Amino acid sequence: MENTFSVKMIFHFYHSVVKAELKRRGFPKEVAKKIEEEHGKIVARAKDIGKSKLLSSYIMASYYIAMNRSTGKSAEENYEIFRDGLCASKLFHKVMGDVDSYLDPKKMPGRLKWSEDSHKRLYENDWVVDILPGNGEYDLGYDYHECGACKLCKDEGCPELAAYICRMDFVLADMMNMKLVRTGTIAEGAPYCDFRYSRKK
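Throughout the sequence shown, residue numbering follows this note's numbering, covering 6 to 206 in sequence.
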């Protein structure tokens, strides 16, 4: 895929939070450099997903793959490094917003258009999603029928890593003071990923 300005910005954000966490944990500086070099190779090979709404998730997956090839640590330890780095970032908390901004009804038309466009499958590695308005049991739902993170991990020969990206969804929901319920993910063999978001009681 093309290393666009948006791709570079997202990479530099993830890299800055991970570098800070690596430093806190006593890793040598060369590790961060290895991650950066490996990530560049992955992006160069990755299939383009255009201006996807989930570009940040795609780069999160490519970054996590690069970490697993560079730190010498297990997938679980790399997940913890990534998670703790994001949680410690004040900027990330600000960018994510809160439950009110995420569940703003004004966002629904844009989400429905995104869903419609996703079913056109213009980009092979992009997500395909159905949006489910709140119904009393939850406030907002997503059914993902195809997952870009899973596709990228499969392309890179490490499909087992996709499940760790899935776990990050619960971290992000918690940051925004939301409850996420999910019964299955594509990464774990389910036919689709069912996200159900609601306000914490």
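By construction, the Cβ of each residue, glycine as well, lies at the ideal position given by its N, Cα and C atoms. Keep in mind the model is a prediction, meaning the values are calculated, not measured.
Start-to-end residues for the beta strand (DSSP E) that takes in residue i
| i | result |
| --- | --- |
| I136 | V133 to P138 |
| L127 | Note, L127: premise wrong, no beta strand (DSSP E); not H, not E. |
Extent of the continuous alpha helix (DSSP H) to which residue i belongs
| i | result |
| --- | --- |
| S62 | L60 to N73 |
| E121 | M113 to S123 |
| F18 | F10 to R29 |
| D105 | V104 to Y107 |
Simplified DSSP state of residue i, which is helix, strand or coil
| i | result |
| --- | --- |
| R50 | helix |
| S57 | coil |
| G146 | strand |
| C92 | helix |
| C198 | strand |
| G77 | coil |
| F32 | coil |
| E7 | coil |
Those residues which DSSP pairs with residue i across a bridge
| i | result |
| --- | --- |
| E82 | E82 pairs with nothing; no bridge assigned. |
| K184 | S203 |
| E151 | V133 |
Cβ neighbour criterion (16 or more within 10 Å) applied to residue i
| i | result |
| --- | --- |
| M14 | exposed |
| A93 | exposed |
Any C-beta of chain B under 9 Å from that of residue i
| i | result |
| --- | --- |
| L96 | The structure shown contains no chain B, having only a single protein chain. |
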